[in-house]
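Residue numbers (my numbering): 1 to 563.
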């Protein structure tokens with residue numbers, strides 16, 4: 001019969017090996033709630049068995065009392081771990097306080113009233129309910145796919161609980177030496193069963209984790225397969241040459257009569273030009289140069305019809321092999337609609353240009369006749385007043401026609417980076433500035449805006465000149481970064497804007513002249529998300545704030561000469 005130290009050494013080594021096994025699995029595989037706590041409980045158990053093994057070499061309260069406490073703690077940790085795994089809830093931390101009276105009783109029956117039997121009874125009264133509670137949690141779980149594993153896990157717990165109960169009852173009713181190192185043959189049976197149950201419990205808990213991971217992987221595969229099967233887009237998985245999987249949408253449109261694309265070359269469904277482009281994309285992916293944009297390709301159907309599509313290809317692993325996943329979106333109808341819209345816009349632009357040119361010619365002729373009429377009518381005050389009003393009407397109509405040309409061009413050209421100071425200087429050069437000075441605080445600010453952006457400052461400065469009054473001397477333009485972006489402020493020291501007019505400043509037609517300048521300014525800025533507001537206080541000059549969102553401005557480090 002092996003001695004007590006050999007048995008405890010065996011238990012220590014078994015739990016240490018189980019701890020290392022779980023640690024390796026934890027580092028390399030996905031685990032679930034409670035796994036790490038179970039691993040730590042094995043480590044605590046190993047420490048307890050190690051202290052038992054040192055009996056006689058260290059003080060008795062260490063090798064017996066502290067070891068007993070560690071065993072009790074490890075059993076509670078396993079209960080906590082099982083609850084976390086099956087119910088996703090940890091034990092309340094206050095529950096661990098039950099260990100306090102346990103340790104006090106162990107010390108009492110070690111130091112005050114030395115009794116090996118009572119220490120065993122105390123440990124048994126603590127761990128048997130924990131084993132039973134742990135088993136009940138596993139049995140009551142609603143995971144039919146892991147029923148056999150849960151039952152084996154619970155059976156190992158209940159067998160261990162029964163063994164502890166039998167040991168405790170046997171020690172209480174049978175006289176003799178019942179210490180762990182005593183001659184009682186039931187001790188050997190206890191150690192052998194404990195070793196086996198430790199292995200079965202940990203193996204079952206590990207397999208429960210593996211089974212749950214496999215179940216989640218299967219659900220994930222089913223979810224993504226359902227997604228791919230029901231997508232209206234065409235989904236292809238290929239080895240960069242031959243198709244391995246095609247979703248039903250791709251098969252219905254592109255497949256041969258027998259209804260499958262698997263085994264076909266991915267390039268066989270493309271036009272020659274698109275096949276060459278697709279090869280370049282796939283070669284880039286093979287070189288780890290991932291295209292971060294959609295590419296346009298043309299697909300040729302069995303009847304020779306061409307479909308215009310967008311394709312995005314990424315690298316994946318399929319059955320452990322490097323593969324490509326291509327998602328193809330059919331844009332044939334959208335492209336046809338865009339082409340039709342482009343043609344219609346082109347026709348409308350031509351019609352608008354011709355009409356505008358003809359009306360301008362007629363207005364020029366009308367203005368000339370009005371001037372001649374003014375000379376012929378002489379000095380009649382009433383006639384002169386009428387003719388002056390008519391000339392203003394003609395001038396206004398001319399401005400409105402010019403506005404339609406600007407508004408027509410707005411948004412037709414892609415936005416670009418533009419230096420703010422350069423645009424301001426061009427506006428100043430085109431306006432009658434009188435003695436008004438324009439100060440710009442920095443010359444290295446660029447914004448991402450519509451090419452008509454320079455008209456923004458043209459209109460703001462023009463408005464200041466028209467409405468600021470003769471006392472106005474300075475227009476200041478400053479830039480400041482804030483949490484919302486870059487705030488560009490254009491303010492003057494002129495007469496300011498009436499409070500009642502501020503709410504309608506940016507409405508089309510509001511103002512003393514054409515009423516289109518500030519309206520156009522707001523529309524140009526809105527193309528790239530820039531906002532504008534009038535923020536002046538009472539009795540101050542006009543103050544306009546442009547808020548440029550983050551990402552739409554930059555400081556180039558290059559200054560533009562002030563003039």
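Beta carbons are placed, not taken as given, at the ideal position from N, Cα and C, and that holds for glycine. None of these values were measured; they are calculated from a predicted model.
Classification of residue i by the beta-carbon crowding that lies within 10 angstroms, buried from 16 upward
i: residue 218; result: exposed
i: residue 569; result: In the structure as shown, the chain starts at 1 and stops at 563, and residue 569 therefore has no counterpart that could be examined.
i: residue 565; result: With the chain represented from 1 up to 563, any question about residue 565 goes unanswered, as that position is not in the structure.
i: residue 1; result: Confidence at residue 1 is low in this model, with a pLDDT of 48, below 50, so its placement is unreliable and the value that follows should be read with caution. Residue 1 comes out exposed.
i: residue 450; result: buried
i: residue 560; result: For residue 560, the predicted model reports a pLDDT of 46, less than 50, meaning its position is unreliable; a value from the coordinates is still stated below. Buried.
i: residue 417; result: exposed
i: residue 104; result: exposed
i: residue 307; result: buried
i: residue 247; result: buried
i: residue 122; result: buried
i: residue 346; result: exposed
i: residue 562; result: Here the model assigns residue 562 a pLDDT of 44, short of 50, so the residue's position is not dependable, and the following value carries that caveat. Burial call: exposed.
i: residue 49; result: buried
i: residue 228; result: buried
i: residue 169; result: exposed
Which listed residue (the options) has its alpha carbon closest to that of residue i
i: residue 508; options: 499, 523, 66; result: 523
i: residue 331; options: 316, 367, 294; result: 294
i: residue 467; options: 480, 493, 484, 537; result: 493
i: residue 568; options: 335, 44, 57; result: Because the chain here runs from 1 to 563, residue 568 falls outside it and cannot be looked at.
i: residue 271; options: 211, 19, 304; result: 304
i: residue 114; options: 231, 65, 237; result: 65
i: residue 535; options: 491, 371, 529; result: 491
i: residue 86; options: 140, 460, 52, 70; result: 140
i: residue 238; options: 267, 116, 220; result: 267
i: residue 483; options: 548, 526, 161; result: 548
i: residue 107; options: 120, 95, 230; result: 120
i: residue 309; options: 234, 13, 355, 315; result: 234
i: residue 334; options: 360, 296, 503, 321; result: 296
i: residue 201; options: 49, 131, 329, 358; result: 131
i: residue 540; options: 496, 358, 54, 486; result: 496
i: residue 80; options: 123, 429, 35; result: 35
i: residue 251; options: 109, 240, 275, 302; result: 302
i: residue 90; options: 387, 33, 116; result: 33
i: residue 426; options: 458, 55, 367; result: 458
i: residue 472; options: 488, 436, 489, 481; result: 436
i: residue 72; options: 124, 174, 222, 63; result: 124
i: residue 10; options: 191, 152, 211, 215; result: 191
i: residue 51; options: 13, 373, 361; result: 13
i: residue 165; options: 275, 54, 117, 373; result: 117
i: residue 413; options: 82, 500, 244, 528; result: 528
i: residue 241; options: 263, 225, 249; result: 263
Residue range of the beta strand (DSSP E) that includes residue i
i: residue 523; result: Where residue 523 is concerned, there is no enclosing beta strand (DSSP E), although the alpha helix (DSSP H) it sits in stretches over 517-526.
i: residue 478; result: 474-482
i: residue 329; result: 321-330
i: residue 309; result: 306-318
i: residue 539; result: Residue 539 -> no beta strand (DSSP E), and no H or E assigned at all.
i: residue 548; result: 543-548
i: residue 486; result: 485-492
i: residue 298; result: 295-300
Contact belief for residue i with residue j at Cβ below 8 Å, rounded distance in angstroms
i: residue 462; j: residue 431; result: 6 Å
i: residue 397; j: residue 363; result: 6 Å
i: residue 532; j: residue 546; result: 5 Å
i: residue 447; j: residue 552; result: 6 Å
i: residue 313; j: residue 354; result: Contact flag wrong, Cβ pair sits at about 47 Å.
i: residue 163; j: residue 193; result: 5 Å
i: residue 37; j: residue 84; result: 7 Å
i: residue 150; j: residue 138; result: 5 Å
i: residue 70; j: residue 47; result: 5 Å
i: residue 19; j: residue 54; result: Residue 19 to residue 54, Cβ: 19 Å. No contact.
i: residue 244; j: residue 318; result: 6 Å
i: residue 299; j: residue 269; result: 6 Å
Residue interval of the alpha helix (DSSP H) (run including residue i)
i: residue 130; result: 116-140
i: residue 170; result: 147-173
i: residue 459; result: 454-467
i: residue 87; result: 67-87
i: residue 106; result: 99-107
i: residue 421; result: 420-430
i: residue 243; result: Counting along the chain, residue 243 falls outside any alpha helix (DSSP H), though it belongs to the beta strand (DSSP E) covering 243-246.
i: residue 46; result: 35-53
i: residue 274; result: 272-286
beta-carbon residue i near the ligand NAP non-hydrogen atom, thresh 6 Å
i: residue 109; result: This structure does not include the ligand NAP; it has no bound ligands of any sort.
Do three or more CB pairs link the segment 206-220 to the segment 262-282 at distances below 8 Å? No, the segment 206-220 is not in contact with the segment 262-282.
Contact between the segment 416-431 and the segment 381-391 (3+ Cβ pairs under 8 Å): no
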